[in-house]
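J.: Pasting a structure below so you can have a look.
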Amino acid sequence: MPGAAPEDDAQDRLLTGISRLAAAPLLAPEQGVEIEWLESWDETLFQSGASACLLPEGMLGLAKEGVLELIATLEDSADIGEPVEVPVGLTVAGTYAGASKTVYMPWAAMGALLAQAGFMEYTQSMSFTVADNLELDALKREAARFFASASLSPGETPFQYALTVYDGILAESTGAVKKDIRLLEALIPLILALSALVGFAASFLFIRARQMEFAVMLLLGSGRAQVFLTAFIEQLALELFGALLGMLAYLALRGLGPFPAPGAPGIYLACHTAGMAAATLWLTRANVMLLLKAKE
C-alpha cells in the first residue's frame, strides 16, 4: 500500500505491513542492511499490533518527536473502488540503512488500518518456512486437506488457494542418504544370518577342540548324558557371563533406560548354544577309541 507524505517525493514511498523481518526481501541478511532499533524495540514489533514502524534512516528527519505522520493512500489491488486517503501516525521503532523508501509496520496494525478505510483484509499470496524438515511429509498431508496443487490447469477443485512446497534441494540432498539407508536395511538380515553362522561355528569348534577331554570322561565311566550336561552348563555359563558383561558395558555407555530389543542378540545366543549342543552330541555319540586315536 503506498503511503504518501507531504513532500515532493511522497509518491515514491511505500507503506508495507509484515509479520516478521524475513518477509521483507530488502531486509534479508544477505542484503547486508544494518538495522538500528531504538530503546525497548526489536524485531518482535512485527508480531504485535503496535502503531510503530521501521523506516529508512533518510526519512528519520520527517518524524516529529519520534512519530512519523503520513497520509496513506490505500488502493485495492483489484482496482475495485476509489483510493482512500487515511492519516497515519506511527511511532519510530528503528531505522535501516539504504536507499529504499519503504516504511515497514506490523501486519496486524496494517489490518486495522485497512478496516478503518473500509477495506477487506485478504491476501493474494503468502509464504512460510518449515521449522522442522522431519515434519515435512506430515505438513504435505495436512495441507492437502485445504490447498490445491499449483498448476496452470488445476481443473475442478473446491480450494481457492494453491500451495507449492519448494523441497527440491532437500529431496536431492537426502535422496542419496535414503538410498544408502534402504540398502543397509536390506543387508541387515544377511548380516544377522552371518553373525548367527559365526556363533554356531565358533561354539562347535570350541567344543570339538575339547574332544580328548570328553573322550577321557567317557572312558572313565561318565555317562553320555552327564558329559553332555557338563559341556552344556560350562558353555552356557560362559555365554551368560558374556551377556552380563555386554549389559554392563551398555549401561556404562548409555546409562539407565530401556534396553534395546533382544531379537538379534537372542538369535546369536541361540545359534551359539545350538553349535555347542551339536558338537557335544557328535562327540558323545562317537566311538571313544576313535576319538582318542584321532587326537593322537
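Residue numbering for the sequence shown follows this note's numbering, starting at 3 and increasing by one per position.
Here a beta-carbon is modelled for each residue, glycine too, at the ideal position from N, C-alpha and C.
#1: By the DSSP assignment, the alpha helix (DSSP H) with T232 in it spans what residues?
#2: Pick out the complete beta strand (DSSP E) segments inside the region 92 to 127, 3 residues or longer, and give them in chain order.
#3: With G19 as the anchor, note down where its beta strand (DSSP E) starts and where it stops.
#4: Note the first and the last residue of the continuous beta strand (DSSP E) segment covering E38.
#5: Which same chain residues, not among the five before or five after A24, have their C-beta less than 6 angstroms away from its C-beta?
#6: Quick check on M278: buried or exposed, where buried means 16 or more other Cβ atoms within 10 Å of its Cβ?
#7: Can you give the beta carbon distance from E45 to A99, rounded, assuming they're within the 8 angstroms contact cut?
#8: Between which residues of its own chain and A281 is the CB-CB distance below 6 angstroms, once the five residues before and five after are set aside?
#9: Can you have a look at G170 and say buried or exposed, based on whether 16 or more other CB atoms are within 10 angstroms of its CB?
#10: Pick helix, strand or coil for A7, following the three-state DSSP scheme.
#11: Suppose you measure from the CA of V90 to the CA of I37; what does that come to, to the nearest Å?
#12: Tell me, to the nearest whole angstrom, how far the beta carbon of G68 is from that of V94; I am working on the premise that it is less than 8 angstroms.
#13: What's the gap between the Cα of L57 and the Cα of G96?
#14: Are A119 and V88 close, meaning C-beta to C-beta below 8 angstroms?
#15: Within the same chain, show all residues whose beta-carbon is closer than 6 angstroms to that of A111, passing over the 5 residues directly before and after it, in chain order.
T.: Result, derived from the coordinates:
#1: Judged by DSSP secondary structure, T232 falls within the alpha helix (DSSP H) whose first and last residues are 226 to 256.
#2: Given a length threshold of 3 residues, each whole run of the beta strand (DSSP E) inside the region 92 to 127 is given here in chain order: 104 to 108.
#3: For G19, the uninterrupted beta strand (DSSP E) run begins and ends at 16 to 20, by DSSP.
#4: From DSSP, the beta strand (DSSP E) with E38 extends over 37 to 39.
#5: In its chain, beyond the 5 residues on either side, no residue has a beta carbon closer than 6 angstroms to the beta carbon of A24.
#6: Per the 10 Å Cβ criterion, buried.
#7: Taking the Cβ atoms as the reference, E45 lies roughly 16 angstroms from A99, outside the contact range of under 8 angstroms.
#8: Closer than 6 angstroms at Cβ, skipping near neighbours: F206, I209, R210.
#9: By the 10 Å Cβ count, G170 comes out exposed.
#10: Note on A7: pLDDT 43, under 50, position unreliable in the model; the coordinate value appears next. In the three-state reduction of the DSSP assignment, A7 falls in the coil class.
#11: C-alpha separation (whole angstroms): 23 angstroms.
#12: Going by Cβ atoms, the distance from G68 to V94 rounds to 5 angstroms, so yes, they are a contact pair.
#13: Taking the straight line joining both Cα atoms gives about 7 angstroms.
#14: Yes, they are a contact pair.
#15: So the list reads G51, S53, once near-sequence residues are dropped.
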